[in-house]
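**Student:** Dropping the structure in here first, questions after.
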């Protein structure tokens, strides 16, 4: 079958897994019966354990769904510790349902797939060796890729039923009251993990820092926690700000960031009390710095900044240029420290951030989102998941979610080396063009034809070079030539959900 | 049928309502599938309303269960406003499920019962004219009395299914982010209301103070809220500290409070890091002041104070004599103000406070609870619900919940005027004697025979006059004579749940 974007979906799998094809970015007003955990009652006196393997043995059985958070990114020490214990116990056929998978987890996941420990995965993304192996078909069943808001929705509506959540925390008391702000492994917001804590049947905290009872503030509460396991080290928060969240010095990125800033300041949305999310990715992060100067020059301030929080956003908060930071995740240690010290940096869970199926998330209130792309097609559909070789090397993240902003700007270089970004046909559709408003490249910008208001606002701005997206695609082709279509096998290695749970695209096994 | 306390329960009603008789205070480790709300999705853009009647009309239908909180106690203006709108619309056959009912609501509830608007009630308690009318049989179905922890349990496990919660808040933004701390009607902790916000299908906030978006900290979150209604005035927080929470000057109360303090300081639990709940009621509140001096004299401090928070407890926090106040409710304006200003005064919801069926509540960690009583029998069973005339004039409150503390002290005058407190047979059993350890009266103390350790600790303390509880009952009888047994009709006007949902007693209609 084909969905509304014309993406080919595997009929058999779609039927077997009861998925519906993507139709629209509009969510409407459906009614959902929420799900809830199955709770084993205890008085809380005997939660503190030091033998991880015993805790795993007690809680995890063959065929279960287990989860982790990725707040510590490549500084995470918990995932590998728990997965090793699971493999040592010979537990098989697990579904892995972390908020995302980071590079530091790759070797372990590959091993767990190959020995049958893990047979299903749902994640925001994967990179490096794991993406490569999965793209070459090592996992029997397709990975289900979900946005951060989509995962929150799936957990709240019961599409993901987590049996056991293993959550690394930088502090906890003996009963499981924990937050992300204090301790050697402090990483700030527990935003993604809060979903697991609220909805998993069993919640196991792992911490290197057992503090006096009662521990406050308690982002995760004792009422949610079954076991607290003392470990040597939860992680290294200095490694959070690596990979996708590193600050750019690339002059091309900075050119793009300046153009994004021009788009923002010349739009109808740049007015006192506006709101924004600038996300991760080189140029996207740099935008925040330019935005600061524009706000100072124009004597206006923002009501809130949203999303993964970065040092430049914290600077805006401290200068009074933004009233509140709504923080689902901290992209660097400075942002994590700030959450502890600044009461206007509010921790939010992934549902509050972006679940499309609640009574109104933050992204639904967002004016401006600045997002990145691996590829964008001439219908403005965006790929942030697979590379030009068809191999999985990215994450849905909050991309689909933040793209519901009143003005969504994709910033990306026209070409990366010999690889075009703006193309006629993207390898994988992740975010529908319907929700993308402006593409900014180092060469010029393109405005979605469904936004005549923005075309009018930007077409005569001297600093903005406005093209059609077809012109930008041609320009890219003129630089790097036409790409050869990729060769795939018939096997589906991934299904990409839109945030509402419909399938926006499938990913097939690459042919070598 | 009779339950384990020998209380007579109405077979027909018990069977019809699927209730089980009380057996034990032990909760064990049962497994419960939690319930969850049915959510109508919206983007949050159109929540703010100014026509309460329209909002009521949209949300409330005949036969539904509606709820309110009682944090503003006799200063509440919301309950009557909403109930009037409901009656104006001619809606009938509602179940009223507030966290409790206060005097200011009495006239309205009586009217709503008499005209068929309300046909079922579950509450923590009722007093004054409402208690009198209900005790005389105006409500067709029995009131289900639940403790604060029991209500949290019933909501989490689905015994109470709230269709629409009407929650008065001293501030909210246009999307429903709200807390109890700022604004003219600020009352501090939203502890009881947080259950309704999390579990009701529809959540309607009423506020006199619409603040900028996004409002933080958000005790109630936009993801939970359907409508935000602007009203003229939510309530008068100066009226919170009236009735059951007024500070005593009664010399008898102060004598009792001093004796309670002696019990505490001479017990094994009075050591560095101990925890306590002192509750409401004249003598109970005064205990906190004596405890302060004892802590100073003995150079020790408490890890936490729990429950309804009072000014004397805030003083201990500010002096560093207690590390944390765990705050489900503020009993006076000073306590409410303190929650805003002191990060060590932690707002907790009713589940965290006292739900017996979660993974460990605060009361399960409590060392010492000081509670009051209307009557106590020679098996230490306590009545806090009906007067000596059999009329409902009290509330279960947190009584059953806090009584699970390691040492539970009941403080009460031996007699009140011509009415004995210590009796052979109490009118209504609310808290089982199994969980009561010490009775303190102005005449002397009695220790539960199931606590030989405490008998040993207290019997030789010069300041403590230790009696058997039978001796205290005789003493009371010698002062006021023997009470005539009350006359009741066959009609059951109330069923009292133990915190685990079993029925600990029934209340019958009084005969005039």
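Protein chains in written order, with full-length UniProt numbering: chain D, 1 to 512; chain C, 1 to 512.
Each residue gets a CB set at the ideal place from its N, CA and C atoms; glycine is no exception.
Which term fits residue 47/C, buried or exposed, when burial requires 16 or more other beta carbons within 10 angstroms of its beta carbon?
**Tutor:** Locating residue 47/C in the second chain gives position 47, counting from the first residue. Residue 47/C comes out buried.
**Student:** Using the three-state DSSP reduction, which class does residue 533/C fall into: helix, strand or coil?
**Tutor:** Examination of residue 533/C is not possible in this model, given that chain C is present from 1 through 512 alone.
**Student:** Tell me whether the beta-carbon of residue 227/D lies closer than 9 Å to the beta-carbon of residue 305/D.
**Tutor:** Indexing the first chain from 1 puts residue 227/D at position 227. Indexing the first chain from 1 puts residue 305/D at position 305. For residue 227/D and residue 305/D, no; Cβs fall outside 9 Å.
**Student:** Please report whether the beta-carbon of residue 175/C lies at a distance below 9 Å from any beta-carbon of chain D.
**Tutor:** The residue you call residue 175/C lines up with position 175 of the second chain. Answer yes: the Cβ-Cβ gap between residue 175/C and chain D drops below 9 Å somewhere.
**Student:** Please check the pair residue 236/C and residue 75/C, which I expect to be a contact at CB under 8 Å, by giving their CB distance rounded to whole angstroms.
**Tutor:** Along the second chain, read from residue 1 onward, the residue named residue 236/C stands at position 236. Along the second chain, read from residue 1 onward, the residue named residue 75/C stands at position 75. 4 Å between Cβ atoms; contact.
**Student:** Taking all protein chains shown into account, do 16 or more other C-beta atoms lie within 10 angstroms of the C-beta of residue 12/C, making it buried, or fewer, making it exposed?
**Tutor:** Along the second chain, read from residue 1 onward, the residue named residue 12/C stands at position 12. Per the 10 Å Cβ criterion, exposed.
**Student:** Just reading off the beta strand (DSSP E) that residue 368/C is part of, what are its end residues?
**Tutor:** As a first step, residue 368/C is located in the second chain; it is residue number 368 there, counting from the start. Taken as a continuous stretch (DSSP letters only), the beta strand (DSSP E) holding residue 368/C covers 368-371.
**Student:** Spatial neighbours of residue 141/D within its chain, please: C-beta separation below 7 Å, excluding the five flanking residues on both sides.
**Tutor:** Here residue 141/D refers to the residue found at position 141 of the first chain. Around residue 141/D: 119 and 120.
**Student:** Taking Cβ positions only, does residue 406/C come closer than 9 Å to chain D?
**Tutor:** Position 406 of the second chain, counted from the start, is the residue given in the question as residue 406/C. For residue 406/C, the answer is no, since every Cβ of chain D falls outside 9 Å of its Cβ.
**Student:** Less than 6 Å between C-beta atoms, sequence neighbours within five positions excluded: which residues of the same chain meet that for residue 380/C?
**Tutor:** For the purposes of this step, residue 380/C is identified with residue 380 of the second chain, where counting begins at 1. Closer than 6 Å at the Cβ level, and outside the excluded window around residue 380/C, lie 433, 436 and 448.
**Student:** Around the Cβ of residue 268/D, are there at least 16 other Cβ atoms within 10 angstroms (buried) or fewer (exposed)?
**Tutor:** As a first step, residue 268/D is located in the first chain; it is residue number 268 there, counting from the start. Flag for residue 268/D reads exposed.
**Student:** With DSSP run on the structure shown, which of helix, strand or coil describes residue 277/D?
**Tutor:** Residue numbering aside, residue 277/D sits at position 277 when the first chain is read from its first letter. The answer is strand: DSSP assigns residue 277/D an E or B state.
**Student:** Against residue 524/D, what residues of chain C qualify as contacts under a CB-to-CB distance less than 9 Å, listed in chain order?
**Tutor:** Here chain D has residues from 1 to 512 only, and residue 524/D is not among them.
**Student:** Who does residue 217/C pair with in a DSSP beta bridge?
**Tutor:** Counting from one through the second chain, the residue named residue 217/C turns up at place 217. None; residue 217/C has no bridge partner.
**Student:** Do the stretch 417-430 of chain D and the stretch 178-195 of chain D make contact, defined as three or more Cβ pairs closer than 8 Å?
**Tutor:** No, they do not touch.
**Student:** Relative to the C-alpha of residue 167/D, which residue among 22/D, 82/D and 455/D is closest?
**Tutor:** Taking the first residue of the first chain as 1, we reach residue 167/D at position 167. Nearest C-alpha to residue 167/D: 82/D.
**Student:** State the CB to CB distance for the pair residue 125/D and residue 397/D, rounded to an integer number of angstroms; the pair is presumed to be in contact (CB under 8 Å).
**Tutor:** Taking the first chain and counting its residues from 1, the one referred to as residue 125/D is at position 125. Taking the first chain and counting its residues from 1, the one referred to as residue 397/D is at position 397. That pair is a contact at about 7 Å.
**Student:** For residue 213/D, collect the residues of the same chain with a Cβ closer than 8 Å to its Cβ; drop the 5 residues on either side in sequence, then sort them by chain order.
**Tutor:** Position 213 of the first chain, counting from 1, holds the residue named residue 213/D. If we look at residue 213/D and ignore the five residues flanking it on each side, its Cβ neighbours are 173, 174, 175 and 177.
**Student:** According to DSSP, simplified to helix, strand and coil, what is residue 487/C?
**Tutor:** For the purposes of this step, residue 487/C is taken as the residue at position 487 of the second chain. Here residue 487/C sits in coil by DSSP.
**Student:** Under 9 Å between C-beta atoms, does residue 303/C make it to chain D?
**Tutor:** Reading the second chain from its first residue, position 303 is the one you call residue 303/C. Taking Cβ atoms only, chain D reaches closer than 9 Å to residue 303/C, which makes this a yes.
**Student:** What residue ranges within the stretch 391-453 of chain C form continuous beta strand (DSSP E) runs of no fewer than 3 residues, ordered along the chain?
**Tutor:** Correct list: 407-411, 438-440 and 445-447.
**Student:** Report yes if the CB atom of residue 353/D is closer than 9 Å to the CB atom of residue 401/D, and no otherwise.
**Tutor:** Residue 353/D sits at position 353 when you count from the first residue of the first chain. Residue 401/D sits at position 401 when you count from the first residue of the first chain. Yes; because the gap between Cβ atoms is below 9 Å, this pair is in contact.
**Student:** Nearest CA to the CA of residue 54/C: which residue from 33/C, 40/C, 39/C and 84/C?
**Tutor:** Within the second chain, numbered from 1, the residue matching residue 54/C stands at position 54. Comparing Cα-Cα distances from residue 54/C to each of 33/C, 40/C, 39/C and 84/C, the minimum goes to 84/C.
**Student:** Can you round the beta-carbon distance between residue 473/C and residue 422/C to whole angstroms, since I take them to be within the 8 Å contact cut?
**Tutor:** For the purposes of this step, residue 473/C is taken as residue 473 along the second chain, with counting starting at 1. For the purposes of this step, residue 422/C is taken as residue 422 along the second chain, with counting starting at 1. That pair is a contact at about 5 Å.
**Student:** Do residue 202/C and residue 59/C have their CB atoms nearer than 9 Å?
**Tutor:** Reading the second chain from its first residue, position 202 is the one you call residue 202/C. Reading the second chain from its first residue, position 59 is the one you call residue 59/C. It is a contact, given that the beta carbons lie within the stated cut-off.
**Student:** By the 8 Å beta-carbon criterion, what residues does the stretch 9-35 of chain D contribute toward chain C?
**Tutor:** Listed by position, the residues of the stretch 9-35 of chain D near chain C (Cβ gap below 8 Å) are 27, 28, 29, 30, 31, 32, 33, 34 and 35.
**Student:** Which full runs of the alpha helix (DSSP H) of 4+ residues lie inside the stretch 269-327 of chain C, going along the chain?
**Tutor:** The qualifying runs are 282-298 and 311-318.
**Student:** Check the C-beta distance from residue 409/D over to residue 263/D and give it rounded, since I have them as a contact under 8 Å.
**Tutor:** Within the first chain, the letter at position 409 stands for residue 409/D. Within the first chain, the letter at position 263 stands for residue 263/D. Sure, about 6 Å apart at Cβ, within 8 Å.
**Student:** If contact is defined by three or more beta carbon pairs under 8 Å, each pair taking one atom from either stretch, is the stretch 32-47 of chain D in contact with the stretch 127-145 of chain D?
**Tutor:** No contact exists between the stretch 127-145 of chain D and the stretch 32-47 of chain D.
**Student:** Give every residue of the same chain whose Cβ lies closer than 8 Å to the Cβ of residue 243/D, excluding the five residues on either side of it in the sequence, and list them in chain order.
**Tutor:** The sequence position of residue 243/D within the first chain is 243, counting from 1. Because the pLDDT of residue 243/D is 44, which lies under 50, any placement of that residue in the model is unreliable, and the number read from its coordinates should be weighed accordingly. Cβ within range, chain order: 73, 74, 102, 103 and 127.
**Student:** Quick check on DSSP: helix, strand or coil for residue 1/C?
**Tutor:** Walking along the second chain from the start, residue 1/C turns up at place 1. In this structure, residue 1/C counts as coil in the three-state DSSP scheme.
**Student:** So what's residue 138/C in DSSP terms, helix, strand or just coil?
**Tutor:** Residue numbering aside, residue 138/C sits at position 138 when the second chain is read from its first letter. Note: residue 138/C maps to coil in three-state DSSP.
**Student:** Which one or two residues does DSSP pair with residue 166/C in a beta bridge?
**Tutor:** Here the question's residue 166/C lines up with position 166 in the second chain. 204/C, per the DSSP bridge assignment.
**Student:** Do residue 67/D and residue 98/D have their beta-carbon atoms positioned less than 9 Å apart in this structure?
**Tutor:** Taking the first chain and counting its residues from 1, one reaches residue 98/D at position 98. Taking the first chain and counting its residues from 1, one reaches residue 67/D at position 67. Going by C-beta atoms, residue 98/D is nearer than 9 Å to residue 67/D.
**Student:** Within a Cβ cutoff of 7 Å, which residues of the same chain sit near residue 284/C, ignoring the five residues on either side of it in sequence?
**Tutor:** Sequence index remark: in the second chain, residue 284/C carries index 284 (1-based). Same-chain partners within the cutoff: 278, 370, 371, 372 and 411.
**Student:** Of all Cβ atoms in chain C, is any one closer than 9 Å to the Cβ of residue 243/D?
**Tutor:** By one-based count along the first chain, residue 243/D stands at place 243. Per-residue confidence for residue 243/D stands at a pLDDT of 44, beneath the threshold of 50, marking its modelled position as unreliable; the derived number appears in the next sentence. By this cut-off, residue 243/D is not an interface position.
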